[in-house]
Each structure stands twice: as structure tokens, then as C-alpha cells.
Amino acid sequence: IGTFRKFLTVHQGDDNLQSMLVGTVMRKIKSRSWKKQRYFKLQEDCTTIWYKSKKAGNTHSTFSVSDVEAIREGHQSEVLLSIADEFPADRCFTLVFRGRRGNLDLVAESVEEAQSWIRGMKKLIENLENMGEREKLDQWIGDLFKKADKNKDGRMNFKEVRDLLKMMNVDMNDSFLFSQMADKSQSGTLEDDEFVLFYKMLTQREDLLKVFQDYSADGQKLSQSDLEDFLKEEQLEEDDFQQKAKQLIEHYEPSDTAKLLNAMTFDGFLMYLGSSEGSIFNPRRRGVFQDMSQPLCHYFISSSHNTYLMEDQLRGQSSVEGYIRALNRGCRCVEVDCWDGANGEPIVYHGHTFTSKILFKDVVSAVGKYAFKVSEYPVILSIENHCSIEQQRVMAQHLNHILGDKLLKTTLDGKVGLPSPEDLKGKILLKAKKIGGLEESFNGMVEDSLTGEASDEDEVAEIDKDNLHRDSILSHLLPQKTKQHLSKELSDCVVYCKSVHFSSFKHSRIHSKFYEVTSFTESKARKHLRDAGMSTAEFVHHNSRQLTRVYPSGFRTDSSNFNPQEMWNAGCQIVALNFQTAGEGMDMNDGLFSQNGHCGYVLKPVFMREAAKRFDPEMPQNQDGYQPVILTIQVISGQQLPKVNIKEDSIVDPLVRVEIHGVPIDQAKQETRYIENNGFNPVWYDTLRFTVHTPELAMVRFVVEDYDKTSKNDFVGQYTLPLSCMQQGYRHIHLLSKDGTTIPPSSLFVHIRITKLDKPSSLS
């Protein structure tokens, strides 16, 4: 199999990888009391880690190197911090997995062994990240070959080939197998060259070959001129076509002979269309490309709700890890729910519930450490304060001592109004109640403490009391609201984000200050959107001047999410979601913030930033510069879709649903037909068309499902992106799991066209 598969090479001189291949005994740590020895070993494929208990028995576990997102050295997890007195930092490390899977905390027997694994894992991860799409496909099939080769003889007998095909999510009858694979040696098995032939046949892309031949003058290669035509007519590239074609040949063409001829072979064409340049997401919008010098209220801000929770809101675990994960996903507004704790130390947890508790100072330390790892733009700490005056002072001490200069304590010199993300780079802002306004606090006119409601954001208090008797679980959750003292020390930490109670849009128009922030539950926000006689334009207008936070209803005890699009349509900036919960809400959030460098800030369309524009998402045709478009998507094929049913014989019947999320009139979804028993290389050639009236706000979500006529379809994969970030022409969509992680080599192949609709006769 080595003749066709590119293994990750293990250089003889790499002692770290050699040591990992031999294997090491390390302690797996789950808590102060759960510390067990396990034998860890890198498998020969150099992509799988195998481990088992030292005790007798065959039970073992494995995980893929591709599942690991990062390695943290030393005591950099709550678990390892809890045993810091027992094991030195230089023997400890944490493997952080992608998605929502728990960390793996390990202690090696020696510093040298710890370093071998840390360096070795980093090298393996780097090698994987540098793989091309074709190499990922080779590796995927190679892994399946190993699983299907039950007798480990390096050959494939008839039964093993059938098993391999089922693993690949494809169903082929016996006669097809034998006629197509030509067991030339008549041995009843596929050996070396025969398997290579079989592999090539399986991975042949007829859909791409058709496109290639349409533009190739001789059917064998694309000359530079052919490639220029393709880029101009199909891909609608905006660059200098000649320069672009040269660059693509240089970058993706594997044949030196073809390069000398300034030509691209089919292999080069495959590599180009499988790359980031051939993907649906426009590479020009990957980095920070927007104006970052506008006031904060002009941006959508990636925001987390109940950031400390890893699970549900009633009994879930609270963890500092929640903050690290959210910040590492580009989140720029995290929530801290503060209560009085033992020994004078404030704690963070979901009040009046059975969720576990963590120390406020540990949360602040984690935020200070991870705030600017993936984005240099400001982080907002949304404080829900239930603490006594004494513990509020402790909170202020921790904020000042731990964050130091990162904590914004004063207004920016010469700045009138809300500063911009650019102005606030590297700064952490507190959003909380404040005594008086900016004016008084800096004139030294504030007494030591004043009486005020320290939290009008207690989410549980938003629950309709009439409904409480229906739900015994929630009946004890509603605290009595009381007037509460605010400490001057904590109040002084609040500069540009003073939490205030919302009265009405009219009241805000007349009285509100630029630094005041209002918070709504999703239900209250919807009420303001739909109040009789109240135009949504009022909400948009309010949000052109002020920051608004919207968070999930207290009834969502399972930590589920609402679809944030409705709130973005109204211009709400801080739409807080449960980052710990996978699903449509987080797909939308990840999709919107995948642009602009994943920095957590996305500039709102110009018609939502200018107060005079009065944009109404309910009536988009009244907008200045209204320009609807027709989005045409031809769903051509799918590649290597994952199995969703654990049953070995089950093979996916895939269909693709395309959803448009945007202003109300743009909300739409259409589906392809389903293809029976083929998740490996289904072909549709189905065309879906949408009219989009406000393309600037539209999100496009591609969902692949396993069709089931008797029950709900199973989720297979999805990909969500802003319409404004879509590339036109022939494009691959690299699918994501329910958790938002990549599932190589799974993809869809589509053709995209976006055309202006000149004179809309109606809004139907």
C-alpha cells in the first residue's frame, strides 16, 4: 500500500517521534483523586495515538492526531493546577481537543519524556496542517484499508474489499467490483498495483474531468490561455487573469514538464480546486479587511452567554476552560456571573442552580492570559454582579492586580463618543453597573458607595412569573430583586460599557449616553421588534448609536441557542450564544465571524450604521441603494461524506439543503433530491435558485443530511458563510461536523452564480 499512500514520514533522526513509536507510561489525571497510569504509543501510521491500562486485558483507546488542536505545557488546566503541589510543571502537559471534547491531562515520568511527547505532537500536528486535500484523501483511504485488512496480509480479498467499501459509505454490487477492478492475477485478491488501480478508479472525479475537458483545447492539459478563459468566464476572478493563471500553475501544478509549457494537467486542476483558492470562501475576506476605526456600536461582536458553563444551566460543570475555548474561537464578549464565595473570595456560577462553582480570580487570570491569543481587538467582560460590597472590592482588586494595564480604567484622550476596536486593541473592558456617569466619576464627585440595582440582568428574573408553576425545575430559580450597594472600586472599572435598564426607544433617543449598554433576553428583544406600531427601524436606529446585548431565555435550561440572525437584522451587536452547545445558532455565529481574520468584530452594513438611513429589515425595498440579487447554486457532487449510522451495513442516502438566513423576506430553504446508498461520491447536478433582497445581511448554510423516509433525517455535515464572502464559479465546500470541526476529506462540489436583479416587480 506504500506505493500509493503518502505516510507522514518519520525521519530516523527524529528522536521524539521514535520515542513515541516505542511508547511511554504516563499518568492520566482526571482530578486530585483520579490519577491512573496508562501506556501511550504512537501507531505506525503516525496519525493515531493508542493507549491502554497497564493492567492485563485487551481494552484500549485511540484518538487521532488530527483531533488535537493544541498542546499546553505545564499546569495550564484546572485539573493540573489542582495537583501542582504533587507533580512539577515540567512533567505535565495537556492535549486540547477540537470541538467540545474534554481535555486530556497527562504527567510523564520524567522531564525528557514530557518534552518528547510535547515536541513530537507539535511536529505531527504541523505536518497534518501542511497536508494538501489529495494527501488527506490518501491518508483517509489508507486508514480505512488498514481497518478492512483484517488478516493484516497487506492484500485485499473479496470480503475485505466489500468491508472497505462499506466503511467508505458506498454500495457496489459484486459484478461491478470484479469487472471494474480487474483482478488481473486472478488470485481472488487485490495486490499492490491492482489496489492502486482500484484506488484510482474509486477516486476518479468525472464531474471535474468534464469541466477540465470543456476548457482544454486538446483534452490533455489547460494551456495558460485555456486557464485564463476558465478564470474569466467561470470563476469570475477579478485579478489580472494572466498573472493569476501563471501563479496557479506555479503553485498547484505537480508536473515540471507541464510547468515548463506554462500548462496545467488534470492533477494540477484537481489540486487548485481542492485548495483554499478553489473553495467557496473568498480568501481575500479571510484576513482583517474591514475598517476597524469606527465606533464599537458599528460592529457585530462575537459574544458568549454563560461562558463558564461546559454543559446545561441546571447541573452543568462550571470551568475556566469555557473562557479559554470561547476566546480561542475569537469570542470578544464573555459573561461572568459573580456571587459571594467562602473565605471572602467571589465565585462564578449560574446562581440558584446546582452548577459547580469556580473562583472569580481564576476566571480573570484565564481571560488575561488568553484574551489576545487569536485576536488583538478588545474583549468585553459582561459582569452579572450579585456580590456584597466587600466582595465587589475584592473583584476590583483582582481585576486591577491580574489584568494590570490591559484593563481599561480611563477614557481615551481626545476621544468623544465610543472608541473603535482599533483604538482599544489589547484592552479589556468591563460591562457592568456604574455609579453615575463618566462625567461624575472623573470629576471625583462620587461617594464611597451608593444604592442602586447591582444587576438588572439577572436572567432568571426575566422569566414570566405566570409560567413558573408549570415548571417545578424552574420554580426555585427566581430570586427576589433587592436594591443592592455598588462598590466605588468596582464601579470605577467600568468606562465605556455602563449597564442600564431599558425604558423605551423614545426615552433612549432623548436621554441615553453613548457609553450606556442595554441587555434583553431574546423574548424581550422580540417583543420590542414586534410591538404594535413599533417599527423594527427604531431598533436598528437605536443600535446605530448604542450597544445592545441579547441573550438566550432563562427557559433554555438545556443551554440551547436561538438563531442570532433575527437580532443581527435589528443591528444588535452583542448577540450572546451558548458556545458550549453545537447546532444551527453556533453554525451561524461561526459563519458570520469566519471573515475579517476571525477577529470577533464584523462591520455592520453602511445602512445600519448611519442613523439617518432608517433601515427597516421588514421593508428592505425602501432602503437607499436597494439592490436585490439572484443566487443560483448548482449542487454537483459530494465527496467522502462521513458515516452517520453506527450500524456497519448502513450507508448514507445524502441530500443537500441550502438555507438562506437574512431579513424576513429572504428566509428560504431548498433541497436536492436524495441519492440512494452513496456517501462516497454522490452526484446530483440539481440547481437551486434564491432571490435575496438584502445580500449584505444574508448568510448561506449548506446542510447535508442522510434521508430517512420513516423518521427525521440524520445530520451529516454543514458549512455556513456570509453571502458577501462567497466566490463564484466551480467551488468546493469543505464540510464541518455538528461541532464545527473539519471532517476531511468530506466536501461538496458546487457552481455558484450571483446576478443583480434589475427591476424587481414585486417582493414575492
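Those letters in the sequence shown? Residues 1 to 764, per the UniProt record's numbering, in order. Glycine included, every Cβ here is placed at the ideal spot set by N, Cα and C. Here the structure is a predicted model, which is why all the values come from computation and not from measurement.
(request) Name, in chain order, the residues that DSSP records as bridge partners for Trp-50. (result) Lys-41 and Thr-62
(request) Would you mind giving the Cβ-Cβ distance between Pro-552 and His-305, rounded to the nearest angstrom? I have them listed as a contact below 8 Å. (result) 6 Å
(message) Count Cβ pairs between the segment 385–405 and the segment 326–344 that sit closer than 8 Å; are there 3 or more?
(response) yes
(message) Please list the terminal residues of the continuous beta strand (DSSP E) segment that includes Tyr-299.
(response) 299–304
(message) Looking at Phe-520: is its Cβ nearer than 9 Å to the Cβ of Gly-571?
(response) no
(message) Please identify the residue among Ser-382, Arg-509 and His-398 whose C-alpha is closest to the C-alpha of residue 767.
(response) There is simply no residue 767 to check, as the chain begins at 1 and stops at 764 in what is shown.
(request) Using 10 angstroms around the beta-carbon of Ser-491, count the other beta-carbons present and answer buried if the total reaches 16, otherwise exposed. (result) buried
(request) Quickly, what does DSSP pair Ile-630 with across the bridge? List them, please. (result) Thr-691 and Thr-755
(message) Given this structure, state the Cα-to-Cα distance separating Leu-309 from Ile-733, to the nearest angstrom.
(response) 32 Å
(request) Apply the 10 Å Cβ neighbour rule to Leu-236 and answer buried if 16 or more other Cβ atoms are within range, or exposed otherwise. (result) exposed
(message) Less than 6 Å between C-beta atoms, sequence neighbours within five positions excluded: which residues of the same chain meet that for Ala-182?
(response) Because the pLDDT of Ala-182 is 49, which lies under 50, any placement of that residue in the model is unreliable, and the question is left without a value.
(message) Which same chain residues end up closer than 7 Å to Gln-627 when comparing Cβ atoms and leaving out the 5 residues on each side of it in sequence?
(response) Lys-756
(request) State the Cα-Cα distance for the pair Tyr-685 and Asp-207, rounded to the nearest angstrom. (result) 9 Å
(request) Would you mind stating whether Val-652 and Asp-706 have Cβ atoms separated by less than 9 Å? (result) yes
(request) Could you tell me the distance, in whole angstroms, from the CA atom of Ser-175 to the CA atom of Met-201? (result) Its pLDDT being 36, under 50, Ser-175 is placed unreliably in this model, and the value from its coordinates should be taken loosely. Whole-angstrom Cα-Cα distance: 15 Å.
(request) Measuring alpha carbon to alpha carbon, tell me which of Glu-194, Val-96 and Asn-130 ends up nearest Arg-155. (result) Glu-194
(message) Would Arg-100 and Asp-624 qualify as a contact pair, given that the criterion is a beta-carbon distance under 9 Å?
(response) no
(request) Pull up the distance between the alpha-carbon of Asn-543 and that of Met-26, whole angstroms please. (result) 54 Å
(message) Whole angstroms are fine: how far does the CA of Thr-307 sit from the CA of Arg-470?
(response) Low per-residue confidence applies at Arg-470: pLDDT is 41, beneath 50, and the placement is therefore not dependable enough to give any value.
(message) For Val-288 and Ser-724, what's the separation of their Cα atoms in angstroms?
(response) 15 Å
(request) Alpha carbon to alpha carbon, how far is Pro-642 from Ser-746? Give it in angstroms, no decimals. (result) 7 Å
(request) Rounded to whole angstroms, what's the CA-CA distance from residue 770 to Lys-527? Just pull it up for me. (result) Residue 770 lies beyond the residue range present for the chain, which begins at 1 and ends at 764; the question has no answer from this structure.
(message) Once the 5 residues before and after Arg-285 are set aside, which same chain residues still bring their CB inside 6 Å of it?
(response) Gln-595 and Cys-725
(message) Helix, strand or coil, according to DSSP, for Ala-182 in the structure here?
(response) Caution is warranted here: a pLDDT of 49 is assigned to Ala-182, below 50, making its placement in the model unreliable, and the coordinate value is therefore given only provisionally. Ala-182 falls in the coil class under three-state DSSP.
(request) Starting from the C-beta of Ile-463, find all residues in its chain whose C-beta is less than 6 Å away, skip the five residues before and the five after it, and write them out in chain order. (result) Its pLDDT being 42, under 50, Ile-463 is placed unreliably by the model, and nothing is read from it.
(request) Check Gln-573 in the structure and name its three-state DSSP category. (result) coil
(message) Can you list, in chain order, the residues of its chain with a C-beta nearer than 8 Å to that of Gln-317? Leave out the 5 residues immediately preceding and following it.
(response) Leu-309, Met-310, Glu-311, Thr-355 and Ser-356
(request) Please name the residue, chosen from Tyr-730, Ser-737 and Asp-758, that lies closest to residue 786 on a Cα-to-Cα basis. (result) Because the chain in this structure spans residues 1 to 764, residue 786 falls outside the shown range and cannot be described.
(request) Alpha carbon to alpha carbon, how far is Val-364 from Arg-398? Give it in angstroms, no decimals. (result) Contrary to the premise, residue 398 reads as His rather than Arg in this sequence. Distance between the alpha carbons of His-398 and Val-364: 7 Å.
(request) If I'm right that Ala-545 touches Phe-514 with Cβ under 8 Å, what's the distance once you round it to whole angstroms? (result) This sequence places Arg at residue 545; Ala is not what is there. With a Cβ gap of about 7 Å, Arg-545 and Phe-514 count as contacting.
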